[in-house]
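Asks: Sending over a structure as C-alpha cells; questions will come in a sec.
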Amino acid sequence: MKFTIGWLKEHLETKFKDNEIIEKLIDVGLEVESFERTSSDLNNFKVAKIINVEPHPNADKLKVCEVDIGEQNTVKVVCGALNAKKDLLTIYACPGSVIPKNNMKLTVSKIRGVTSYGMLCSESELTLSDESEGITELNSNKYSHKVGKNFFKNKAEKVIDLSITPNRPDCLGVRGVARDLVAAGAGKLKSIPNINIKGNGPQIIKVSITKDKNQGCTIFGSCLIRDVTNKESPKWLKDKIEALGQKPVSAIVDITNYVMLDLNRPLHAYDADKINKEIIVRNSEKGETFEALDNKEYKLDNDMCVISDRSGVLGLGGIIGGTRSGTEINTKNILLESAYFLPRSIRKTSKLLNIDTDAKFRFERGIDPQSIEMGLKKASKLIIEICGGKVSKFDIQKIKKDKKNKIKFKISLFERIAGFKVKDKEIIKILTDLGFEVSKKKLELELKIPTWRPDITQPVDIVEEIVRIKGYNNIKNLEPEKTRFKDTLNKQQKLFHYLQRSVASKGYLETVTWSFTDSKLNNLFKENFKEIKIVNPISSDLDVLRNSIFPNLTFYLKKNLGRGFKDISLFEIGPIFKDNKPGEQLTVIGAIKSGKISRLNWNEENRSADVFDAKKDVIQTLVEAGYDRQNLFVREKSPSYYHPGKSGSVYLDKDDIGPVAYFGEIHPNITKKLDIKTEALVGFEIYLDYLKDNKLKLKDSKSQFKYSDYQKSDRDFAFVVDKHFKAQDLIEIISSIDQNLIKSVKIFDVYEGENIPKDKKSIALNVTIQSSEKTLEESDLEKINKLIISTVETKSGAKIRS
Amino acid sequence: MSDIKKIKDEFLVKLSGDLKIENVSQIKSELFGKNGKISNSFKNLKSLPVEERKKFASDLNILKDELQDKINKKIQEIEITEINSKLENEKVDVTLPERNIVQGKIHPVSQVIDEISSIFSEIGFSVEEGPDVENEHYNFTALNTPDNHPARDMHDTFYLDDKKEFLLRTHTSPVQVRTMLKGKPPFKIIAPGRTYRSDSDQTHAPMFHQVEGLHIDKNINMGHLKGCLNYFIKSFFELNKIKMRFRPSHFPFTEPSAEVDIGYELRDGKIIIGEGDKWLEILGCGMVHPNVLKNVKINPDKYQGYAFGIGIDRLAMLKYGINDLRAFFETDYRWLNHFGFDPLDVPSNYRGLSR
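So the sequence lines, in the order shown, correspond to chains V and U. With the working numbering, the residue at position 3 of the first sequence is 3, and numbering never jumps. With the working numbering, the residue at position 191 of the second sequence is 191, and numbering never jumps.
Printed below as a string of C-alpha cells:
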C-alpha cells in the first residue's frame, strides 16, 4: 500500500511532522516498509529506442540489441524478450540502477560471452503492472521525441509504503489510514465534501443478480456515463499515479484506480456500447471461456461469479475484466460498476484460476459494502470533469440487506486481557474515532461495527483496537513468575540431548540438513519404506521426504571430500519419514566417517576406518546413554545399504525382537554409485524411538556398593572353533558358567592360517576369575579351568588349542 | 670394645667411597652375612663375661643399626644417581605433536535450542514437540485460519498430497493445538522444531527452525507476555539491558497480536544488539485467540494466555554473528567447525548460557 504524504493530508488535518506520522503509523500497527523520495532511484530509467537487433552468437533465446539512449554512443544490451525488435521504444536501465521489483542492482556483465550494458525492462520489473512477458512497449507518438529522457517524472514527494496485514482491508485506502491516525491523536479527519451529482435519466442497461446458490455478488451498483472523451489524465492525476510507481493509462482507467487507492473502493469501467443488452451477474458454467484484460484466455469451472451479458462472460466479478468490453481511448459510453463480492467466492475462484489482481486482493479481504455509492459518485464526478459526458441515475441491485453488525463489549475485558486500565471515556473516544457507534450500558458498551471493518467480530477484537490505538508501550512489563507444572524435558527428550552430545563427543560434527532429499539418493537407502513425494518441491532434486538420514549425509560428505577434506565424521539427529501422515516419523541419529584414523601422525600407524570404529562409537554411545554393555547384543543382519559382511545390528537385549541401531561399512556399490572417493566409509544409525526407557532415575538405580578384595587370577585360553562361530557367543558361554567367579572375558587374539584347519579359527581369551568370599586356591582354579574348557567344547564344538 | 670401634671405623670408610650397588651388597654380606662381622660378634656374645655382655650387646646393636642405616642410605643414593643418569638418555622432543585428537561439534541450531530451553526452564516452562508432517486442520484451521483466509497465502506450504490435506508444518504453532488437546490447563510450554516453507532465496530457506511458546492460565495478560519476552531476550543475548518495542500486528491465532523489535546498531558492519536506534524484528506474539481456545475445548471466559513464535536460526545468526542463513544447512565442514560448539558446552543456568 503506497501513497504520498500529500495524498494522506487530503484526508488528515495534522500538525505532525513526517517522521511523527511514520512513528504513529508503526504504533497503530501499520507497518512502514519504506518511506522515501521516489525520484532519486528512478532517474536511472530512460526512454530508449532499439536501433538494431542481432541474434546472440552463443544462445538461441537471447538477442543483442543496439540501443539509442539519447547519448552520443549507442549501448549494447543483451535481452531475452521476444518482443525486442528494431525501432521499439522501451525503457532502459543503466548499470548501477536498482530494479524496483526485486531490488537487484545492475552491473555491467557478460551474458554467455557478450557484454551487456544495462537492461531493457518489463513493466513488471518496474512495478508498472503485472506484465512480465516481454519488455515495455512505449507508444511511439508519445515517446519518440523523448528518447534519453527520464521515464519517471521527477517527484519531490515522499512515498510511504505500508505493509498492510490481511485483517485491515480498510487501510488499503488512504482514507482508512488517515482514520487510524486520527484515532491515535494525529489530528482530524477531513470530511469528504458532498458530491452533488444530478443523474440524467435512468441507467438503461438492465442489471440483475441471479439467485444462484453461493452467489458471489450481493450488491451491484452502476451508472452510465455517455458521450465521454477519454484522454490522457491531467497532470495532477498522472502525478498521483506515477508517484506510486504506476503507469498512467487513460483518464478513465486512472480515475477508477485513483478512487480505489483513495477509498479502497474498486470500480470497473465497461465500454457500454460493447455490452449486449443487459448485465447478468451469475454463476459460471463449466467450460465457459473469456479473454481477460491480462490477455489470457480463461476456461471457467462451475459456480464462479461472472458478470455477463447476452453474449456471454464479460469478466470475473471482483477479479478481472474482459477484453471484449474493455474501455479504450476512443470509448464513448461507459458503464461504471461498483459492487460487493464475497471474499470467500473471490478467493476460491482466483485460486482455481491462479489469478492475482489488485481488485482480487482487496475484495478477498473485504470491501466496505456501504462504499458503493460513494465510489460511483466520486468517480463519475471526476470523469465528467475530465472527460465530459452525462451521468445517469445510479442503479443499485441488492440481493441481501447490509446492516451494521453489533457487538456487546464488557469494559472489564480490556483490563483482563491488556493488563492495564484505560478510562471508559477514553475507550469510547477511541472507538468513536475509529467509526464505531457507541452507546454505554452500565458496565457494557453496545457497539455498531463500521462496515469497513470486516475483521471485527468479537469482543477481543475491540480489546485489540483499544490497546493498539492507546499504544503497546502502555503494556506493563511483569516479572515472569516461575511456577512449574512439569519437568522441562521428558525422558525421551533427555535421551535426545544426551545422545546428541555423546555422538559429538566422539569426534563427529553435527549437521542439520533438509528433511527432504533427492528421490534418486533416497532410493539407495529407502529399504521397505514408502516413498513420500512432495507435491510442490522447490526443486526436482528435493522431491521426497527422506526415509533415512544417509542420503543427505553422503551427499554432503561428497561435497566436503570435493573441498579436499579426507577424514570426515558427520552426524545428524532428526526425523525420517515412514508415511505422509502426522506422527509417521522416527527420530534417528545417522553418522558417517570417511577416510583414515591417525592420518599423517608421526608416531601412530594410520589405518582406514573400519566397521569396528563404527561399532565402538555406536556401542559407547549406547553405554553412555545408560544401557548396560553386558546386555547389548549384536546380530549380523543389517539394511542392504551396508556391506553384507561388515555390518551388524545392535539389540538392547538378546531376547528383543527389533534392533535399536545398525553399524557397518557402507555398501561398496553405493559408494561407487554416489562416486564417493575415500579410503573407507563407515557409519551407524540409532533409532531413538526404539530405545526402551528401561532405566530408573539415577537416584533409584544406584545399588549398594560391593567389591571383592580377594586375589584375582587371570587364565589364558585358546580355542579352535568353526570359522563362522561368533565371538560374542563364545564370550557368553564362558561368562555364564559361573557369574560369581568369572569377572571378565577378553578376546586378545583371533587367528586363522597356518597350523589351523581351513574352516576353523583360533580365538585366544583371557578370563579373570575372582571370588567375593575367599582367596581361590590352586585347586579351585584348576576346577574352574576345567569347567571352562569342557563347557566351551560341548557347547560350541570348539577344541582347546594345545 | 675396641672391636666395635674398629668395625665401625673400617666400614664407615668403606661406605663413604664411590660405590656401585654390587659393592654395597658385598659390604652388606661382609657385615650381616652368615659369617659377617656383626653376625659373628653376636655369636661371640656368649663367650663374654656376664658383666660385660650386656654393655657389649647394647653397643653392638647401636653399631648394627647405624651401619644398616648407612647402607640403606647408600643404596638409595646409588639408585637415584642411576635413575638420573638413565633419564638423561630418555629425553624426547616434547614439542613433537601429540597423538591425533578428534573434536566433534554441536550445530549452532542445536546449541541455541538448548540455550532457549535452559532460559525458559528457569521460569517454569517445559518442552513439547509435534510432528513435522501436519494435516491442514492442525496447521491452519484449528489456528483460526480457515481455508478462505488470506493469511494462508503468507505461508508458502509444501503439500504431500493432491488434496492438500497433508503438509509440512509451516510453523510450530500446531504444537499449541496438540498440547492443549491432550492435556488440561494450565499450560506453560515451549516447542522448538523444524518448520518448512516453499520459498528459497538468500534470506529464506525451505526449512528453518522456530520455537513456539504458550502460557495459558486463568489470569495471564499482555503484561505477562511482555515480561516473559523481555526476560527471554535479555537472557538470550546475555545483556543486562535491551531495547524492546511491541508493535501491533496480525496473526489469525492471536488477538491482540504483536511483533517485537529489538534495538541495535551497526558497528564496523557488525550488529550490536541492545544499543542504537535501529529496530530489528525478531518475533511475533499475542494473546491466544478465543477461537483457538474453543477449538481445543477450553473455555475462553475462564482461561486465557499468550503465545509467541521465534525464529531460532535468526536468533543464532544475531547472537553468534553468522551472516548467511543458507549456510546453516549446507554442511560445509569448515563452517561446522567454525560455528559449531564443543559438546561439553551444555548451556545451563549455573554454568552460564555460553562460555
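Cβ atoms here follow ideal geometry from the backbone N, Cα and C, with glycine treated the same way. Please read these numbers as outputs of a predicted model, since none were measured by experiment.
Does DSSP classify residue 227(U) as helix, strand or coil?
Replies: Note: residue 227(U) maps to helix in three-state DSSP.
Asks: Cutting at 8 Å between CB atoms, please list the residues of its own chain near residue 101(V), excluding the five before and the five after it.
Replies: Answer for residue 101(V): 124, 125, 126 and 127, listed in chain order.
Asks: Along chain V, in chain order, which residues have C-beta atoms closer than 8 Å to that of residue 194(U)?
Replies: Within 8 Å Cβ-Cβ: 515, 574 and 575.
Asks: Does residue 166(U) get closer than 8 Å to chain V when you measure Cβ to Cβ?
Replies: Interface residue, yes.
Asks: Name the chain U residues that come within less than 8 Å of residue 487(V), Cβ to Cβ?
Replies: Under the 8 Å cutoff, chain U gives 126.
Asks: Check the Cβ of residue 512(V) against every Cβ in chain U and list those closer than 7 Å, keeping chain order.
Replies: Neighbours of residue 512(V) on chain U, chain order: 107, 109, 328 and 329.
Asks: Scan the region 189-223 of chain V for residues whose Cβ lies nearer than 8 Å to a Cβ of chain U and list them as they occur along the chain.
Replies: Listed by position, the residues of the region 189-223 of chain V near chain U (Cβ gap below 8 Å) amount to none.
Asks: Report the partner residues of residue 297(V) according to the DSSP bridge assignment.
Replies: Looking at the DSSP assignment, residue 297(V) forms a beta bridge with 291(V).
Asks: Taking Cβ positions, are residue 629(V) and residue 649(V) nearer each other than 8 Å?
Replies: No; because the gap between Cβ atoms is not below 8 Å, this pair is not in contact.
Asks: Is the region 356-373 of chain V touching the region 315-325 of chain V in the sense that three or more CB pairs, one from each, lie closer than 8 Å?
Replies: Touching, per the Cβ criterion.
Asks: Given a cut-off of 8 Å, decide if residue 328(U) and residue 588(V) are closer than it, judged by their beta-carbon atoms.
Replies: Result no, Cβ atoms of residue 588(V) and residue 328(U) do not sit closer than 8 Å.
Asks: Examine chain U for any beta-carbon lying closer than 8 Å to the beta-carbon of residue 418(V), and answer yes or no.
Replies: Judged by the 8 Å Cβ criterion, residue 418(V) is in contact with chain U.
Asks: So which residues of chain U does residue 525(V) contact, with C-beta pairs closer than 8 Å?
Replies: None at all; the shortest Cβ gap to chain U is about 17 Å.
Asks: Verify the CB distance criterion: does residue 231(U) have a CB-CB separation below 8 Å to chain V?
Replies: Taking Cβ atoms only, chain V reaches closer than 8 Å to residue 231(U), which makes this a yes.
Asks: Can you name, in chain order, every residue of its own chain whose Cβ lies under 6 Å from the Cβ of residue 124(U), other than the five neighbours on each side?
Replies: Excluding residues within five positions, the ones whose Cβ falls inside 6 Å are 188.
Asks: Note down the Cα distance separating residue 293(U) from residue 416(V), rounded to an integer number of angstroms.
Replies: Cα to Cα, the separation comes out at about 16 Å.
Asks: The alpha helix (DSSP H) that contains residue 120(U), what's its start and end?
Replies: Per DSSP, residue 120(U) belongs to the alpha helix (DSSP H) from 108-122.
Asks: Measure the alpha-carbon distance for residue 673(V) versus residue 557(V) and round it to whole angstroms.
Replies: Approximately 14 Å, taken between the alpha carbons.
Asks: According to the neighbour-count rule (16 or more other Cβ atoms, all chains shown, within 10 Å of its Cβ), is residue 94(U) buried or exposed?
Replies: Its Cβ having fewer than 16 others within 10 Å, residue 94(U) is exposed.
Asks: Helix, strand or coil for residue 39(V), going by three-state DSSP, please let me know.
Replies: Only weak support is given to the placement of residue 39(V): the predicted model assigns it a pLDDT of 46, under 50, and the value that follows is read from those uncertain coordinates. DSSP places residue 39(V) in helix when its eight states are reduced to three.
Asks: Among 682(V), 769(V), 755(V) and 701(V), which residue has its Cα nearest to the Cα of residue 708(V)?
Replies: Measuring from the Cα of residue 708(V), the nearest candidate turns out to be 769(V).
Asks: Going by the beta-carbon positions, is the gap between residue 347(U) and residue 505(V) smaller than 8 Å?
Replies: No, the Cβ-Cβ distance between residue 347(U) and residue 505(V) is not below 8 Å.
Asks: Quick check: the Cα distance between residue 454(V) and residue 355(U), rounded to an integer number of angstroms?
Replies: If I take the Cα positions, the gap works out to 52 Å.
Asks: Bridge partners for residue 48(V) per DSSP, in chain order?
Replies: DSSP output for residue 48(V) lists 90(V) as bridge partner(s).
Asks: Under 8 Å between the Cβ atoms of residue 74(U) and residue 24(U)?
Replies: Going by C-beta atoms, residue 74(U) is nearer than 8 Å to residue 24(U).
Asks: Assuming residue 51(V) and residue 71(V) make a contact with CB atoms under 8 Å, what is their CB distance in whole Å?
Replies: Residue 51(V) to residue 71(V), Cβ: 13 Å. No contact.
Asks: Could you check what DSSP says for residue 209(U) in three-state terms: helix, strand or coil?
Replies: Residue state, collapsed to three classes: strand.
Asks: Let's see if you can read the secondary structure: which residues bound the beta strand (DSSP E) around residue 412(V)?
Replies: No beta strand (DSSP E) holds residue 412(V); the alpha helix (DSSP H) holding it covers 412-418.
Asks: Under 8 Å between the Cβ atoms of residue 553(V) and residue 340(U)?
Replies: No, the Cβ-Cβ distance between residue 553(V) and residue 340(U) is not below 8 Å.
Asks: Please state whether the Cβ-Cβ distance between residue 747(V) and residue 763(V) is less than 8 Å.
Replies: Yes, the Cβ-Cβ distance between residue 747(V) and residue 763(V) is below 8 Å.
Asks: Classify residue 246(U) as helix, strand or coil using the three-state DSSP reduction.
Replies: It is a strand residue.
Asks: List, in chain order, every chain V residue whose beta-carbon is nearer than 8 Å to that of residue 97(U).
Replies: 601 and 602, listed in chain order.
Asks: Ordered along the chain, which non-local residues of its own chain (more than five positions away) have a Cβ less than 7 Å from that of residue 735(V)?
Replies: For residue 735(V), where only same-chain residues beyond five positions count, the Cβ hits under 7 Å are 742 and 745.
Asks: Contact between the region 168-186 of chain V and the region 304-313 of chain V: three or more CB pairs below 8 Å?
Replies: No, the region 168-186 of chain V is not in contact with the region 304-313 of chain V.
Asks: Just the C-alpha distance for residue 160(U) and residue 614(V), rounded to the nearest angstrom, thanks.
Replies: Each residue's Cα considered, the two are about 35 Å apart.
Asks: For residue 194(U), name the three-state secondary structure that DSSP assigns.
Replies: Strand.
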